Amino acid sequence: MRNSFVRLGNITIVGLKSIARNKMRSLLTALGVVIGVACVIVSVAIGAGVAQSVSEMINSLGSNFIMIMPGAATQSGARIFTGQSTLTEEDVQALRREASALAYISPNLRTAAQLVAGELNWSTQIQGVDVDWPNIRSWNVEQGAFFTDGDVRSGAKVLVLGKTVADNLFPNGDAVGSVVRVKNVPFRVVGVLEKKGGSMMGSDQDDTVVIPYTTAMKRLMGQQKLGGIIASASSAEQVGEALDQIDAILRQRHRIPPGGDADFMLRSQEEIAQANQQQVQLMRNLLLGIAIVSLAVGGIGIMNIMLVSVTERTREIGIRMAIGARGRHVLLQFLFEAVTLSVLGGLIGVLVGVGVATGIGKIAHWPIVVSPTAILLSFGVAATVGIFFGFYPARKAARLDPIDALRYE
Amino acid sequence: MASHVIEIKDLVKIYRLGEVEVRALDGVNLVVDAGEFIAIMGPSGSGKSTLMNIIGCLDRPTSGTYVLDGANVSELSRDQRAIIRNAKIGFVFQSFNLLARTSALENVELPMLYSDNTGSRRSRRDLALDALYRVGLKGREGNYPSQLSGGQQQRVAIARALVTNPAILLADEPTGNLDSRTSVEIMGIFQELNDSGKTVVLITHEPDIAQYAKRIVHVRDGLIQQDERVEQLRVQRQGIAAPVAPVVR
Numbered sequence: 000m001r002n003s004f005v006r007l008g009n010i011t012i013v014g015l016k017s018i019a020r021n022k023m024r025s026l027l028t029a030l031g032v033v034i035g036v037a038c039v040i041v042s043v044a045i046g047a048g049v050a051q052s053v054s055e056m057i058n059s060l061g062s063n064f065i066m067i068m069p070g071a072a073t074q075s076g077a078r079i080f081t082g083q084s085t086l087t088e089e090d091v092q093a094l095r096r097e098a099s100a101l102a103y104i105s106p107n108l109r110t111a112a113q114l115v116a117g118e119l120n121w122s123t124q125i126q127g128v129d130v131d132w133p134n135i136r137s138w139n140v141e142q143g144a145f146f147t148d149g150d151v152r153s154g155a156k157v158l159v160l161g162k163t164v165a166d167n168l169f170p171n172g173d174a175v176g177s178v179v180r181v182k183n184v185p186f187r188v189v190g191v192l193e194k195k196g197g198s199m200m201g202s203d204q205d206d207t208v209v210i211p212y213t214t215a216m217k218r219l220m221g222q223q224k225l226g227g228i229i230a231s232a233s234s235a236e237q238v239g240e241a242l243d244q245i246d247a248i249l250r251q252r253h254r255i256p257p258g259g260d261a262d263f264m265l266r267s268q269e270e271i272a273q274a275n276q277q278q279v280q281l282m283r284n285l286l287l288g289i290a291i292v293s294l295a296v297g298g299i300g301i302m303n304i305m306l307v308s309v310t311e312r313t314r315e316i317g318i319r320m321a322i323g324a325r326g327r328h329v330l331l332q333f334l335f336e337a338v339t340l341s342v343l344g345g346l347i348g349v350l351v352g353v354g355v356a357t358g359i360g361k362i363a364h365w366p367i368v369v370s371p372t373a374i375l376l377s378f379g380v381a382a383t384v385g386i387f388f389g390f391y392p393a394r395k396a397a398r399l400d401p402i403d404a405l406r407y408e
Numbered sequence: 000m001a002s003h004v005i006e007i008k009d010l011v012k013i014y015r016l017g018e019v020e021v022r023a024l025d026g027v028n029l030v031v032d033a034g035e036f037i038a039i040m041g042p043s044g045s046g047k048s049t050l051m052n053i054i055g056c057l058d059r060p061t062s063g064t065y066v067l068d069g070a071n072v073s074e075l076s077r078d079q080r081a082i083i084r085n086a087k088i089g090f091v092f093q094s095f096n097l098l099a100r101t102s103a104l105e106n107v108e109l110p111m112l113y114s115d116n117t118g119s120r121r122s123r124r125d126l127a128l129d130a131l132y133r134v135g136l137k138g139r140e141g142n143y144p145s146q147l148s149g150g151q152q153q154r155v156a157i158a159r160a161l162v163t164n165p166a167i168l169l170a171d172e173p174t175g176n177l178d179s180r181t182s183v184e185i186m187g188i189f190q191e192l193n194d195s196g197k198t199v200v201l202i203t204h205e206p207d208i209a210q211y212a213k214r215i216v217h218v219r220d221g222l223i224q225q226d227e228r229v230e231q232l233r234v235q236r237q238g239i240a241a242p243v244a245p246v247v248r
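Protein sequence lines correspond, in order, to chains P and H.
Under numbering that gives the first Met the number 0, the first sequence has 208 at position 209, and the numbering climbs by one with no breaks.
Under numbering that gives the first Met the number 0, the second sequence has 43 at position 44, and the numbering climbs by one with no breaks.
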């Protein structure tokens with residue numbers, strides 16, 4: 000038993016010497032695996048980074064967030080969007096009164112507009128909301144104050160700027176109290192929101208302006224229907240209950256029988272997260288697929304070189320066999336060489352991969368998460384690739400006839 | 000009997016080349032005792048190489064028996080023959096067959112790496128150095144084959160053949176790639192090893208080289224045609240322990 004270990008040790012010495020004798024060839028062989036492993040690590044890191052930022056973005060929607068969207072009316076079994084919203088101010092009031100599982104609720108209208116402040120102007124998205132909005136979105140005011148209930152009731156021409164908008168229109172930081180014109184209507188800036196950060200699609204969440212929804216409907220959009228409603232449940236456990244309550248109340252108000260198709264859609268934060276996770280997962284799988292293909296190509300590179308190497312070293316194999324190397328000695332030697340090359344390639348690949356991933360993260364400002372799992376996994380796959388693609392050439396070498404091999408020129 | 004190192008009886012080897020059967024060996028009988036120095040001669044196509052492949056356990060006979068050092072090796076598998084080759088046969092080839100880019104010392108250590116009782120690294124090194132000294136290569140341990148002359152390379156090969164202390168030294172045209180002066184030196188080494196008790200089997204087609212043996216066997220058409228003890232031509236000077244000029248590095 001001990002002897003076989005010793006002999007295995009000898010074979011590893013033989014294999015290592017053989018690799019050291021052909022440094023350039025060994026390096027080029029390993030290069031395929033280096034690229035493959037680096038590819039896996041980089042793509043997994045990017046994928047994980049995107050996933051993380053998506054979940055951060057979804058969390059940044061607010062806690063226990065629920066979204067109510069109009070539409071999805073059904074005619075003759077076909078889902079259509081009529082373009083006309085079905086949600087009204089009265090719906091919001093009813094939900095506020097009756098849905099006990101809700102903590103906060105606010106209409107949410109969106110429109111794009113050009114803002115002008117002095118000589119500067121800025122195109123952005125305007126959201127018409129209620130006073131509960133900062134609580135729903137967990138998004139506080141940094142300077143000044145959010146508009147008041149009175150502002151909402153009176154349809155006051157006040158606005159709260161997102162950080163990006165404030166920075167662009169008021170580079171000196173004197174936004175609060177200033178006047179901004181939206182569609183030629185003068186608005187008074189009452190507050191500036193704290194920085195929230197970018198969203199998953201690269202859009203800037205801080206590039207927004209918040210005004211009372213009443214003002215938005217009357218002054219900017221001229222419509223009575225609401226583009227959407229946002230709310231938050233009183234706790235995470237209450238989200239399901241809240242969804243049920245909203246569904247029941249809106250069905251009753253819109254006179255839709257139970258089982259009939261609703262003219263509104265409900266999405267909880269969890270569902271939004273799931274939908275997004277699916278997309279992210281798809282992207283990650285795609286990246287991983289490409290990376291695995293490149294790893295396989297690296298493996299085939301190893302097989303190619305090992306095959307050439309077996310032919311080139313036929314005579315060496317013959318010599319080894321003549322002086323007593325058995326089939327498995329030769330097999331193990333070549334297998335060991337292939338595995339060492341791929342493991343070596345894997346090791347360098349890990350370093351390159353981590354380096355490149357970090358570099359990309361720094362230069363392109365992408366979120367990058369280098370996971371130890373990916374490193375271990377790609378390393379393991381590299382070693383497996385070595386065994387898999389090294390086996391055929393190694394077996395070919397082991398099956399050579401010593402007489403023919405010795406005669407080989 | 001232990002004194003018979005090689006006992007070959009009715010050895011037949013048939014090659015099939017498509018439809019044609021070639022009887023390379025057609026009933027060879029040969030007994031070699033321990034301590035003999037035998038030259039096997041014959042023109043090409045005589046079956047000499049086939050006989051050497053079988054004696055060297057590189058190939059198996061079609062029929063007949065071959066007992067090497069008391070063990071019947073005529074029907075062993077590939078791996079079993081590899082073990083026998085490792086333990087009982089020391090090969091010396093015409094084209095030296097050293098591993099390139101591998102030092103003389105490492106080349107000599109090589110057979111021990113495939114041995115069943117491989118010993119420690121230290122003992123392998125000592126045995127290999129000892130074998131190199133025996134063939135007069137003190138100071139050349141670290142040289143690669145490309146840094147050695149043909150004669151020196153063949154000495155490394157002889158050291159490699161010696162290092163496992165095999166039952167026979169099997170030399171296949173060992174001087175075929177060497178000039179005549181170096182050839183004589185190499186034959187001198189074989190003679191000295193034989194003097195110290197090693198059994199040497201020499202395969203050659205050159206009568207000049209065969210005369211350094213004590214016994215000459217002629218093979219022709221797959222049969223032993225002639226088997227005679229001869230007066231050995233001794234190589235003078237060049238001792239095993241002959242002083243070798245130290246190499247200045």
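Cβ coordinates follow ideal geometry from the N, Cα and C atoms, glycine included.
Here the structure is a predicted model, which is why all the values come from computation and not from measurement.
Can you give me the Cβ contacts of VAL4 (chain H) inside the same chain, cut-off strictly under 8 Å, excluding the 5 residues immediately before and after it? VAL31, ASP32, ALA33, GLU35, LEU67, ASP68, ALA166, ILE167, THR198
Indicate whether TRP138 (chain P) and ILE229 (chain P) have their beta-carbon atoms separated by less than 9 Å. no
Taking only the alpha-carbon atoms, compute the straight-line gap between ARG394 (chain P) and VAL11 (chain H) and give it to the nearest angstrom. 31 Å
Flag PRO60 (chain H) as yes if its beta-carbon sits less than 9 Å from any beta-carbon of chain P, otherwise no. no
Using Cβ-Cβ distances below 8 Å, what residues of the region 72-93 of chain H are close to chain P? ARG77, ASP78, ALA81, ILE82, ARG84, ASN85, ALA86, PHE90, PHE92
If we cut at 9 Å on Cβ distances, does ALA158 (chain H) have a partner in chain P? no
So GLU193 (chain P) is in the beta strand (DSSP E); what residue range does that whole segment cover? Element bounds for GLU193 (chain P): n/a, residue is neither H nor E.
For LEU86 (chain P), count the other beta carbons within 10 Å of its own beta carbon; 16 or more makes it buried, fewer makes it exposed. Which is it? buried
Measuring CB to CB, does GLY226 (chain P) end up less than 9 Å from PRO106 (chain P)? yes
Distance, ALA70 (chain H) Cα to VAL234 (chain H) Cα: 34 Å
Rounding to the nearest angstrom, what Cα-Cα distance links ILE289 (chain P) and GLN273 (chain P) in this structure? 24 Å
So GLU311 (chain P) contacts chain H; which residues on that side make the cut at Cβ distance below 9 Å? What GLU311 (chain P) touches in chain H: nothing, since even the nearest Cβ is about 11 Å away.
Once the 5 residues before and after VAL91 (chain P) are set aside, which same chain residues still bring their CB inside 8 Å of it? ILE104, SER105, PRO106, ASP129, LEU225, ILE228
TYR249 (chain H), DSSP secondary structure in three states: Residue coverage of chain H in this structure runs from 0 to 248, which leaves residue 249 (chain H) outside it and unanswerable.
For ILE210 (chain P) versus ILE125 (chain P), is the C-beta distance shorter than 9 Å? yes
With distances taken between CB atoms, is the gap from LEU94 (chain P) to ASN167 (chain P) smaller than 9 Å? no
Restricting to Cα atoms, I'd like to know which of P:ALA47, P:ALA397, P:SER52, P:GLY31 is closest to ASP203 (chain P). P:SER52
Spatially closest choice to MET305 (chain P) from P:THR11, P:GLY8, P:LEU27, P:ASN9, by CA coordinates: P:LEU27
Backbone CA spacing between ILE57 (chain P) and ILE271 (chain P) [nearest angstrom]: 8 Å
Hey, is GLU140 (chain H)'s beta-carbon within less than 9 Å of any beta-carbon in chain P? no
Under 7 Å from the C-beta of LEU109 (chain H): neighbouring residues of chain P: ILE322
Outcome for GLN280 (chain P) when other beta-carbon atoms lying within 10 angstroms are tallied against a minimum of 16: exposed
Comparing C-alpha positions only, which one of H:ALA99, H:ASN85, H:ASP25, H:GLN190 sits nearest to LEU232 (chain H)? H:GLN190
Cβ contact (3+ pairs, closer than 8 Å) linking the region 30-42 of chain P and the region 348-356 of chain P: yes
Is the region 38-51 of chain H close to the region 199-209 of chain H, with three or more CB pairs under 8 Å? yes
Contact between the region 292-311 of chain P and the region 54-62 of chain H: three or more CB pairs below 8 Å? no
Range of the contiguous beta strand (DSSP E) that encloses SER267 (chain P): 263-267
THR147 (chain P) (DSSP reduced to helix, strand or coil): coil
Three-pair Cβ contact test at 8 Å for the region 147-167 of chain P versus the region 256-269 of chain P: no
As assigned by DSSP and simplified to three states, the class of VAL216 (chain H): strand
Specify, as a first and last residue, the run of the alpha helix (DSSP H) that LEU97 (chain H) falls within. Element bounds for LEU97 (chain H): n/a, residue is neither H nor E.
Beta strand (DSSP E) segments (min. 3 residues) lying fully within the region 86-167 of chain P: 101-116, 119-128, 140-143, 157-160
Name, please, each residue of chain P whose Cβ falls closer than 7 Å to the Cβ of ARG100 (chain H). ARG20
In whole angstroms, what is the alpha-carbon distance linking VAL247 (chain H) and GLU140 (chain H)? Interpretation of VAL247 (chain H) is limited by its pLDDT of 45, a score under 50 that renders its predicted location unreliable; the figure taken from the coordinates is listed afterwards. Approximately 13 Å between the Cα atoms of the pair.
Counting pairs of Cβ atoms below 8 Å between the region 320-328 of chain P and the region 111-131 of chain H, do you hit three or more? yes
Starting from the C-beta of MET186 (chain H), find all residues in its chain whose C-beta is less than 6 Å away, skip the five residues before and the five after it, and write them out in chain order. TYR211, VAL234
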